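Down below is the structure, laid out as C-alpha cells.
Protein chains in written order, with my numbering: chain A, -4 to 413; chain B, 869 to 1012.
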C-alpha cells in the first residue's frame, strides 16, 4: 500500500501533485510500456510547459541579437535578456544584476573562475582546498590550475556518513589556502554541506570561497549575501530550466579585478589593432552572442519555482526522501551510501554485492530512470572502496507510488541475482 | 563451427524468450557460467576502458586461431562476454574481422549497443576485432 493511497495525494503548500505533474509534458511518456518514473533529477530535471514555451516564444516572436541593434526586436530582446538576468540574480539575492554572469552551465562557471581569477591570483606554493565529495567539475579545473601554477590541491576528507569532516577542514585551512571550492550539495550522497560555516572559516584566513551550487538551487533557498561566498555557480537545467545555460555569481569587487575570460564581441569597450579595452562586468565575461532564449527560459523556470515556493518544494522532497529511505532500509541487504543528517533528496544505495550496473539494467526495464555508476565523483567512490552506486534523486513531481515501484524493482533485482 | 552457425544458434536460443526478464535471467545464467579467466590475466593492461563495470579481456593466438577469455565484476556484462567468446573464440583472425555483429541486435540486446550505456559490449567487440587485426598482421609478417 503506497503512502499516497493511505495518506494524501497533495502536499500542503504545493497543492495537488497530479496538477503539478500535468505541467511537465514528458511525465506523460511511457517507457517499456509503463509510465515513465523519472528518478534521475540530480542529472537533469524535467521542464514544465512554461519553460518550453519561453524557448519557442522567443524564437517565434522576439529573436534578434542583443546589446547591438537599435531596431525594435533587438531592443525588446535586450530588455528581456537583462530582465531575465535581474530575475535570476534576485532569486539568489545578489547585490545587483551586474554580479551575475551567464555561462553555458555550472562547469563553465567554475572554469571561468579558474581561468581568470585563478590565473591572476594562484601562485606556486598556494593551496586550493576542495572536499572528497566533489564532482569532477569542481576537481579537474583546479587540478589544471595547480599544474599550470605550481599550487597544491588539498582534499578535505569525509566522515563515514558522508558529511564533511569539519575538524579536518579547520586543520587543513591555513595561510597558504587561497581558495576553498566546495559543493553546496553532493550529487552522489545528497549531503548538504555547512557552507556558511565553511565560508566564515575560510574568510578568517583570507581565502576566497567558491560554492558549486549545481545540486543546491532546486532544493533549498540560496542567499549569496547571507552566505557571503565570493563565487557561486549553477546550471539552469538542474532547476527545471533548459540545458546550455547557467550562471556565475561573483562579488562585484572581484569581478572588476578579474581579467577577461574569452575574447570577442560584447566583452569589449573599444578595439583597435593596437589595444583593446574591456567592458564592465558582467559583459566583460560574456564574449559572443549569448544564449538569449536559454536565459529567458531559465528565468521562466525560476518564476515557476518561486510560484511553487522553494520551502514547499523542500518540504515535499524531504517527505519523498524520508519515505524512500525507510522503504529501502527495510529491504534486507540494501545499504544506503550517504546518511548525513542534512541531506537533499538524493539517495545512493547498493543491493547486497550486486554490481550497480546489473541492478540499474534491471531497474531500467521497469521504466524507472535511476543513475548507476560513479556519478562523475570517481575519487569519492574510490575513497569509499565501492565500484559505484545506484542513485535515485527526487524532485517535487515524484510520487510515493513511484517509490513503491522502485522498491518492487529492487526486490526483483534481488530475486534475479541472489 | 563457423561464426555464422554460432550466431544462428544464439539467435535460436534467444528466440525462445517472450519477455525481457526471461532474457535477462538467461544472460545472468550465462554470466555465472562464463569460464574462469586465469587470474594472472586480470590485470590493468587487459581492462577495457570506458565501461561502467570492469571488464578484462585476454586473447591468445596459436598461430591459426584466436582464443579469448574474459571476466567482469558485473554479471550481465559477463553474460554478454560469454556470448561474444562463444562466437569469436577459436576462430581465425580473418574470420573474426569479416564477421558481422548484427546478431546482437537480432537477439534484442540493442540497448547495449548504444555507446552511452558504456556497459562494455561495444568496447569488447572493438577490442576483439583489434586483437584479430593485430594477430592477422603478425601472421602475415611471419609468412613473408
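Backbone N, C-alpha and C fix where the C-beta goes; we use that ideal spot for every residue, glycine too. Please read these numbers as outputs of a predicted model, since none were measured by experiment.
Residue environment, residue i, which counts as buried when at least 16 other CB atoms sit within 10 Å
i, result
"residue 157 of chain A", "buried"
"residue 384 of chain A", "buried"
"residue 114 of chain A", "exposed"
"residue 118 of chain A", "exposed"
"residue 289 of chain A", "buried"
"residue 992 of chain B", "buried"
"residue 2 of chain A", "Residue confidence is low: residue 2 of chain A scores 45 on pLDDT, short of 50, so the model does not pin down where it sits. Its coordinate-derived value is still stated next. It counts as exposed."
"residue 66 of chain A", "exposed"
"residue 54 of chain A", "exposed"
"residue 173 of chain A", "buried"
"residue 262 of chain A", "buried"
"residue 110 of chain A", "buried"
"residue 190 of chain A", "buried"
"residue 24 of chain A", "exposed"
"residue 354 of chain A", "buried"
"residue 197 of chain A", "buried"
"residue 1001 of chain B", "exposed"
Closer than 8 Å to chain B by CB, residue i
i, result
"residue 411 of chain A", "yes"
"residue 382 of chain A", "yes"
"residue 392 of chain A", "no"
"residue 352 of chain A", "yes"
"residue 429 of chain A", "Residue 429 of chain A lies beyond the range of chain A shown here (-4 to 413); nothing can be said about it."
"residue 0 of chain A", "Confidence in residue 0 of chain A is poor, its pLDDT being 43 and thus under 50, which makes the residue's placement unreliable; the coordinate value appears in the next sentence. Output row for residue 0 of chain A: interface = no."
"residue 360 of chain A", "yes"
"residue 332 of chain A", "no"
"residue 357 of chain A", "yes"
"residue 367 of chain A", "yes"
Same chain only: Cβ atoms within 6 Å of residue i, ignoring 5 sequence neighbours per side
i, result
"residue 329 of chain A", "323, 344 and 346"
"residue 92 of chain A", "80, 81 and 84"
"residue 112 of chain A", "253"
"residue 216 of chain A", "305"
"residue 402 of chain A", "322"
"residue 61 of chain A", "72, 73, 76 and 287"
Minimum C-alpha distance to residue i - residue among the options
i, options, result
"residue 872 of chain B", "B:1001, B:965, B:924 and B:940", "B:965"
"residue 997 of chain B", "B:935, B:947, B:905 and B:946", "B:935"
"residue 73 of chain A", "A:314, A:287 and A:230", "A:287"
"residue 166 of chain A", "A:200, A:410 and A:82", "A:200"
"residue 390 of chain A", "A:39, A:29, A:169 and A:230", "A:39"
"residue 923 of chain B", "B:995, B:1012 and B:1008", "B:995"
"residue 145 of chain A", "A:159, A:171, A:351 and A:301", "A:171"
"residue 154 of chain A", "A:413, A:142 and A:184", "A:184"
"residue 989 of chain B", "B:919, B:904 and B:930", "B:919"
"residue 125 of chain A", "A:111, A:265 and A:159", "A:159"
"residue 277 of chain A", "A:37, A:94 and A:43", "A:94"
"residue 878 of chain B", "B:888, B:887, B:894 and B:889", "B:894"
"residue 30 of chain A", "A:271, A:205 and A:21", "A:21"
"residue 974 of chain B", "B:932, B:881 and B:869", "B:881"
"residue 206 of chain A", "A:213, A:188 and A:339", "A:188"
"residue 308 of chain A", "A:326, A:339 and A:52", "A:339"
"residue 203 of chain A", "A:168, A:400, A:135 and A:359", "A:168"
"residue 414 of chain A", "A:412, A:388 and A:405", "Shown here, chain A extends from -4 to 413; a query on residue 414 of chain A therefore has no answer."
Within-8 Å CB hit, residue i to chain A
i, result
"residue 973 of chain B", "no"
"residue 996 of chain B", "no"
"residue 901 of chain B", "no"
"residue 968 of chain B", "no"
"residue 920 of chain B", "yes"
"residue 892 of chain B", "yes"
"residue 923 of chain B", "no"
"residue 896 of chain B", "yes"
Check: residue i C-beta below 7 Å from any heavy atom of the ligand NAD
i, result
"residue 42 of chain A", "The ligand NAD is not part of the structure shown, which contains no ligands of any sort."
Residues near residue i in its chain [Cβ-Cβ closer than 8 Å; skip 5 each side]
i, result
"residue 82 of chain A", "294, 297 and 298"
"residue 15 of chain A", "9, 303, 391 and 392"
"residue 926 of chain B", "905, 906, 909, 914, 936, 937 and 938"
"residue 320 of chain A", "331 and 342"
Neighbourhood of residue i by C-beta distance below 7 Å, restricted to the same chain and skipping five residues each side
i, result
"residue 1007 of chain B", "961"
"residue 0 of chain A", "With a pLDDT of only 43 at residue 0 of chain A, under the threshold of 50, the placement of this residue in the model should not be trusted; the figure read from the coordinates follows. Nothing meets the Cβ criterion."
Checklist line | Segments of 3+ residues assigned as beta strand (DSSP E) that fall wholly inside the segment 127 to 183 of chain A | finding: 147 to 151 and 172 to 178
Next item on the list: Closer than 9 Å, Cβ to Cβ, to anything on chain D: give me those residues from the segment 930 to 944 of chain B, in chain order.
Entry: Protein chains in the displayed structure are A and B, and chain D is not among them.
Check: Fully enclosed by the segment 268 to 313 of chain A, which beta strand (DSSP E) runs are 3 residues long or longer?
Finding: 271 to 273
Next item on the list: Would you list, in sequence order, the uninterrupted alpha helix (DSSP H) runs of no fewer than 4 residues that lie entirely inside the segment 66 to 131 of chain A?
Entry: 67 to 86 and 101 to 108
Item checked: 3-residue-minimum beta strand (DSSP E) runs that sit fully inside the segment 16 to 76 of chain A, ordered along the chain -> none
Next item on the list: Report the residue ranges of all alpha helix (DSSP H) runs contained in full by the segment 213 to 250 of chain A; include only those spanning at least 4 residues, in chain order.
Entry: 219 to 222
Checklist line | Sequence ranges, alpha helix (DSSP H) only - wholly within the segment 881 to 937 of chain B, length at least 4 | finding: 888 to 900
Checklist line | Length-filtered (4 minimum) alpha helix (DSSP H) runs lying within the segment 938 to 993 of chain B | finding: 943 to 956, 961 to 966 and 971 to 974
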